[in-house]
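Chemist: Residue numbers (the numbering used here): 9 to 142.
Quick one: this structure, given as structure tokens, is what I'll be asking you about.
What follows is the structure, given as structure tokens:
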């Protein structure tokens with residue numbers, strides 16, 4: 009397995025696949041306190057014009073963060089993490105979280121991030137700054 013210090017500009021990050029389901033979305037609502045019915049009530053979400061229940065954006069962000077922390081292990085520290093939500097995520101979608109190294113200095117990796125659904129639509133984009141623990 010490649011160590012963080014070996015990553016260079018344009019190297020790809022690992023891919024984390026995630027398929028949200030109704031139970032996970034409900035559990036996230038309970039943990040976060042966000043009980044907005046667009047996440048929990050299919051009829052309500054349809055009446056709101058969303059075509060059905062959508063996952064919390066922060067739940068998708070958490071999956072991206074899990075990809076980063078699994079990849080870094082104890083070799084790195086997440087110094088900055090910004091995301092932009094670009095498309096709705098629905099229960100049953102297959103989401104792939106990944107990215108690549110945009111810039112590299114001695115102990116810092118700048119990573120561009122993206123999460124795509126099974127239709128190849130970008131649902132999330134972002135930036136992570138990783139400080140390599142030398």
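Glycine included, each C-beta is placed from N, C-alpha and C at the ideal position.
Owing to the predicted nature of the structure, the values given are computational and were not obtained by experimental measurement.
(1) Threshold first: 3 residues or longer. Then list the beta strand (DSSP E) segments lying entirely within the region 62 to 141, N to C.
(2) Starting from residue 24, follow the alpha helix (DSSP H) in both directions and report where the run begins and ends.
(3) Consult DSSP for residue 11 and reduce its assignment to one of helix, strand or coil.
(4) For residue 33, which option in 62, 51, 15, 16 has the closest C-alpha, if you only look at C-alpha atoms?
(5) Mind checking whether the beta-carbon of residue 22 lies closer than 8 Å to any heavy atom of the ligand FAD?
(6) Hey, out of 24, 19, 47, 85, whose CA is closest to residue 70's CA?
(7) Cutting at 6 Å between CB atoms, please list the residues of its own chain near residue 45, excluding the five before and the five after it.
(8) From the DSSP output, which residues share a beta bridge with residue 20?
(9) If the criterion is Cβ atoms closer than 9 Å, does the pair residue 136 and residue 76 meet it?
(10) Name the residue from 126, 118, 36 whose alpha carbon lies nearest to the alpha carbon of residue 88.
(11) Between residue 132 and residue 92, which are expected to be in contact by the criterion C-beta below 8 Å, what is the C-beta distance as a whole number of angstroms?
(12) Any idea what DSSP makes of residue 42, helix, strand or coil?
(13) Below 9 Å between beta carbons: does that hold for residue 106 and residue 48?
Modeler: According to the structure shown:
(1) 84 to 93, 103 to 112, 116 to 124, 130 to 140
(2) First-last for residue 24: 24 to 26, but that is the beta strand (DSSP E), not the alpha helix (DSSP H).
(3) coil
(4) 62
(5) This structure lacks the ligand FAD; in fact it carries no ligand of any kind.
(6) 24
(7) 52
(8) 108
(9) yes
(10) 118
(11) 7 Å
(12) coil
(13) no
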